[in-house]
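The numbers in the UniProt record's numbering rise by one with no breaks, and the one at position 26 of the sequence shown is 26. Just so you know, even glycine gets a beta-carbon here, dropped at the ideal spot from N, CA and C. In this text, all values refer to a predicted model and were calculated from it rather than measured experimentally.
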Amino acid sequence: MAARSSSGVAAAEGAAAVAAAVLLVSSSRHPDRWIVPGGGMEPEEEPSVAAVREVCEEAGVKGTLGRLVGIFEQNQERKHRTYVYVLVVTEVLEDWEDSVNIGRKREWFKIEDAIKVLQYHKPVQASYFETLRQGYSANNGTPVVATTYSVSAQSSMPGIR
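Here it is, written out as structure tokens:
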């Protein structure tokens, strides 16, 4: 049986920006490296439910599940599948499970910068954002992925890289 995991790509939209921001978290094994939040699925758990749960545990954000970005195979034998979803962020928690338990950090990145950060040590995760960017067409200057959070000087979210 193939192992399955689920990741949520947390997205925020700038008030006047056409490009979205995405949320990465520090790796538990290498705290100086950024990764996409996500993890394994519980028995009988749907990938979409796991994505919402894992993003809250690892990144401390809640939101509305958006579209499926894709299902990514980790090896040729198809023994590991990762379901990647967009999560439209509606709430950013000040303290969350992984920040309290393991000191995990989170940071917002422009999609292009997230790809660069992940390219060397997590190329499969970088491909999530390549896929997201390809399907990220603007409609009247508004991205397909939207959120209730605006990125501005008064925003409750830390700065976007």
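Determine the contact status of residue i and residue j, defining contact as a CB-CB distance below 8 Å.
{"i": "V55", "j": "E91", "result": "no"}
{"i": "F109", "j": "A51", "result": "no"}
{"i": "L23", "j": "I35", "result": "no"}
Between the Cα of residue i and the Cα atoms of the options, which residue gives the shortest distance?
{"i": "N101", "options": "I111, A59, I115 and Y120", "result": "A59"}
{"i": "E57", "options": "E46, P47, G38 and S48", "result": "G38"}
Rounding to the nearest angstrom, what Cα-Cα distance links residue i and residue j in this structure?
{"i": "residue 183", "j": "K79", "result": "Here the chain has residues from 1 to 161 only, and residue 183 is not among them."}
{"i": "V89", "j": "F129", "result": "17 Å"}
{"i": "Q119", "j": "G63", "result": "27 Å"}
{"i": "K116", "j": "K105", "result": "18 Å"}
{"i": "G40", "j": "A114", "result": "22 Å"}
{"i": "E44", "j": "R53", "result": "14 Å"}
{"i": "Q74", "j": "L93", "result": "31 Å"}
{"i": "G135", "j": "H30", "result": "31 Å"}
{"i": "P123", "j": "E42", "result": "26 Å"}
{"i": "S48", "j": "Q125", "result": "17 Å"}
{"i": "R133", "j": "I111", "result": "7 Å"}
{"i": "S127", "j": "E107", "result": "19 Å"}
Once the 5 residues before and after residue i are set aside, which same chain residues still bring their CB inside 6 Å of it?
{"i": "G70", "result": "V84 and T131"}
{"i": "L68", "result": "Y85"}
{"i": "H121", "result": "R33"}
Note down, in chain order, each residue of its chain lying with its Cβ closer than 8 Å to the Cβ of residue i, except the 5 sequence neighbours on either side.
{"i": "D32", "result": "S26"}
{"i": "S28", "result": "D98, I102 and R104"}
Of all the alpha helix (DSSP H) runs that stay within the bounds of the region 60-124, which reach a length of 4 or more residues? 97-102 and 111-119, all fully within the region 60-124.
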